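Single-structure report; data block below.
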Amino acid sequence: MAEHRVAARYAEALFAVAEESKVVDAISDDLRSITEAIRTDPQFKLFLNHPSVGREERVKVLETVFSDKATALTMQLIRLLLEKRREGIIPELSQAFDRIRRDRYKVMYAEVTSAQALSEDEIKALEAKLAKSSGKKVEATYSVDSNLIGGIIVGIGNHVLDGSLRGSLDRMRDHLLYNFNTTN
Amino acid sequence: MSNQSSNEKKAPMALFIIVGIALMFGGVAISNNPAVKSAMVPLKEQGLPIDPGKSIAVIGVFLILFKVFDMFYFGPLREAINERNTALERSFSDAIDLREEIKKTKAEHDTQLTKIEQEARERIQASVKEAQDMRAGIMAEATSKADALVAKAHEEINREKDKVMVEIRQSAAALTMMATEKLLGESVDNERNRKLVAEFIEKAEVPRA
Chain A
4 MAEHRVAARY AEALFAVAEE SKVVDAISDD LRSITEAIRT DPQFKLFLNH PSVGREERVK
64 VLETVFSDKA TALTMQLIRL LLEKRREGII PELSQAFDRI RRDRYKVMYA EVTSAQALSE
124 DEIKALEAKL AKSSGKKVEA TYSVDSNLIG GIIVGIGNHV LDGSLRGSLD RMRDHLLYNF
184 NTTN
Chain B
4 MSNQSSNEKK APMALFIIVG IALMFGGVAI SNNPAVKSAM VPLKEQGLPI DPGKSIAVIG
64 VFLILFKVFD MFYFGPLREA INERNTALER SFSDAIDLRE EIKKTKAEHD TQLTKIEQEA
124 RERIQASVKE AQDMRAGIMA EATSKADALV AKAHEEINRE KDKVMVEIRQ SAAALTMMAT
184 EKLLGESVDN ERNRKLVAEF IEKAEVPRA
């Protein structure tokens with residue numbers, strides 16, 4: 004909880020500087036890449052958190068890895084986090100930064116899960132429909148889950164638009180059980 | 004009382020002895036009197052040798068002997084007989100008293116026994132009544148408990164029945180869902196899926212926050 008608050012403060016400060024430098028999207032992409040690297044590469048995560056690895060060594064390695072991919076502001080942020088021993092909040096910071104960015108630029112984030120991978124046309128049509136319906140720009144992440152059997156689920160904040168066969172089956176099961184129980 | 008009678012007895016006894024001695028000495032004196040001897044000669048000649056003096060002396064001796072015997076033999080014997088009679092009478096009296104007392108005690112005992120029997124009967128009746136009340140109470144309690152157990156058993160049976168019914172329904176629903184899912188899995192191809200996605204996109208509306 005304390006880390007969330009710290010990450011939010013860092014994110015707000017970072018967003019202000021990024022907006023001023025007009026590199027908000029680039030910073031967002033950089034943070035997402037680093038977070039993804041931490042999430043998917045256990046060795047990288049171990050290296051970041053290992054107590055025997057010195058701060059300077061970490062800075063050097065991170066600069067080597069990300070200097071040609073990340074913006075200067077991102078690298079400054081990483082150096083600052085390493086100096087303050089706050090490297091553990093990078094994932095939360097990335098999320099908080101994206102929340103601020105979406106809130107400021109009226110961007111709606113959607114998590115789309117489908118039984119089969121969506122085609123480009125389907126993605127465009129979906130994002131266009133969501134944008135039209137919400138009046139906001141749409142950012143979405145896409146994943147495939149064969150358990151859905153067919154159809155699609157869109158998660159927007161606390162809401163879920165369920166157009167999957169799995170969802171229909173679940174609703175049907177609930178309906179059946181409810182009818183069974185109430186007809187007794 | 005005893006001393007008085009002893010004194011009363013001593014007077015006649017002394018009188019008897021004095022009279023006896025007087026008669027004895029008087030008789031001897033009469034026997035030795037020549038006038039009397041001569042007066043008795045005719046009777047002696049006729050074959051009747053009577054000596055009045057000796058007879059009087061013998062009477063005196065008898066009087067003295069009678070008293071001596073009476074004092075040393077008849078008196079104690081009489082007293083002993085009297086004492087014995089008195090003792091026997093006392094024994095009889097005691098026996099009668101004892102018998103009366105026994106009768107009285109027996110009567111009291113009988114009365115007491117009757118009373119005790121009455122009390123015992125009353126107690127037995129009270130105990131029997133108490134036992135009957137207790138039995139009735141126990142029976143009522145047992146009946147109540149049995150009824151409660153039966154009711155509880157019915158309740159439990161109904162609960163179990165409901166539970167089983169719910170399980171059966173859940174199983175039926177799960178089996179239905181499994182069958183449906185299998186059928187859907189087999190029937191939903193790429194084209195059908197695209198159609199579902201297209202329908203979803205067409206109907207999708209973002210809820211207002």
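From first to last, the protein sequence lines stand for chains A and B.
According to the working numbering, the first sequence is numbered sequentially starting from 4.
According to the working numbering, the second sequence is numbered sequentially starting from 4.
Each residue gets a CB set at the ideal place from its N, CA and C atoms; glycine is no exception.
As the structure is a computational prediction, the values presented were derived from the model and not from experiment.
Close to alanine 207/B, with beta-carbon spacing below 8 angstroms, are these residues of chain A in chain order: Leu129, Lys132, Leu133, Ser136, Val157, Leu164, Gly166. Contact fails between the stretch 143-150 of chain A and the stretch 133-151 of chain B, because fewer than three Cβ pairs, one in each stretch, are under 8 angstroms apart. Taking the Cα of serine 117/A as reference, the smallest distance to any Cα among Val61/B, Asn196/B, Glu202/B, Met43/B is reached at Asn196/B. Chain A places a beta carbon closer than 7 angstroms to that of methionine 180/B, counting this residue as a contact. Cβ-Cβ separation between valine 56/A and phenylalanine 47/A: approximately 12 angstroms, too far for a contact (criterion under 8 angstroms). Phenylalanine 100/A places its beta carbon less than 7 angstroms from that of alanine 14/A. Interface residue (Cβ-Cβ distance to chain B less than 7 angstroms): phenylalanine 183/A is classified as such. The beta carbon of glycine 158/A sits closer than 7 angstroms to the beta carbons of Ala113, Glu114 from its chain, once the five residues preceding and following it are set aside; these are given in chain order.
Collapsing the DSSP output to three states places threonine 146/B in a helix. Segment contact: the stretch 126-135 of chain A against the stretch 155-168 of chain B, fewer than three CB-CB distances shorter than 8 angstroms; contact not assigned. Straight through space, the alpha carbons of methionine 111/A and glutamate 142/A are spaced by roughly 6 angstroms. The C-beta of glutamate 125/A has 16 or more other C-beta atoms within 10 Å across all chains shown, which makes the residue buried. Three or more Cβ pairs closer than 8 angstroms define a contact, and the stretch 69-81 of chain B falls short of that threshold against the stretch 43-52 of chain B. For isoleucine 155/A, the enclosing beta strand (DSSP E) stretches over residues 154-159.
Following the DSSP letters along the chain, one finds threonine 116/A inside the beta strand (DSSP E) bounded by residues 110-117. Sequence-ordered contacts of the stretch 60-76 of chain A with chain B are nonexistent [C-beta pairs closer than 7 angstroms].
Of all alpha-carbon atoms in Thr38/A, Arg88/A, Ala73/A, Val163/A, the one lying nearest the alpha-carbon of arginine 58/A is that of Arg88/A.
For chain A, the residues of the stretch 172-199 of chain B that bring a beta carbon within less than 7 angstroms of one of its beta carbons are Arg172, Gln173, Ala176, Thr179, Met180, Thr183, Glu184, Leu187, Gly188, Val191, Asn193, Arg195, Asn196, Leu199, in chain order. The stretch 159-176 of chain A makes no contact with the stretch 21-38 of chain B; the number of CB pairs closer than 8 angstroms stays below 3.
Under the Cβ distance rule, glycine 153/A counts among the residues neighbouring chain B, one pair being separated by less than 7 angstroms. Among the CB atoms of chain B, none fall inside 7 angstroms of the CB of leucine 80/A.
Using beta-carbon distances, isoleucine 204/B counts as an interface residue toward chain A, with a partner under 7 angstroms.
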